[in-house]
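Colleague: Structure in structure tokens, see below.
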Amino acid sequence: MIRKAEVALEAFTPDEVDRCAGKHLDLQIGPRRLAFTSETFILSFSLPNFHFHAVTAYDILRSRGVPLGKRDDEGRLRTRSA
């Protein structure tokens, strides 16, 4: 599933991504319709939901004895060149 997502994302060109800026996006959740722009959807809906689910999975795995630590959660540090 992860590889399939990577392939789908790699298919987009930078210009295609840039053209999404400012687009309107409506999300229907039950009877509620949430109106976003592409930016507000990512920043106020997608990223918080992704973070919640990633942290929840991490916590469940830790509670079941999987040897995970902070560095497993952080991933690779992206430092600048000296």
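Just so we're aligned, residue 260 is where the sequence shown starts under my numbering, counting upward by one.
Glycine included, C-beta positions come from ideal geometry on N, C-alpha and C.
All figures in this text were calculated on a predicted structure; none of them were measured in a lab.
1. Assuming Thr296 and Leu284 are in contact, meaning their beta carbons sit under 8 Å apart, how far apart are those beta carbons, in whole angstroms?
2. Could you give the first and the last residue of the continuous alpha helix (DSSP H) run that contains Phe300?
3. Using the DSSP secondary-structure output, state which residues sit across from Leu286 in a beta bridge.
4. According to DSSP, is Pro273 helix, strand or coil?
5. Less than 7 Å separating the Cβ of Phe300 from some heavy atom of the ligand ATP?
Modeller: Looking at the coordinates:
1. 7 Å
2. 297-300
3. Leu293
4. helix
5. Absent from the structure shown: the ligand ATP. Ligands present: none.
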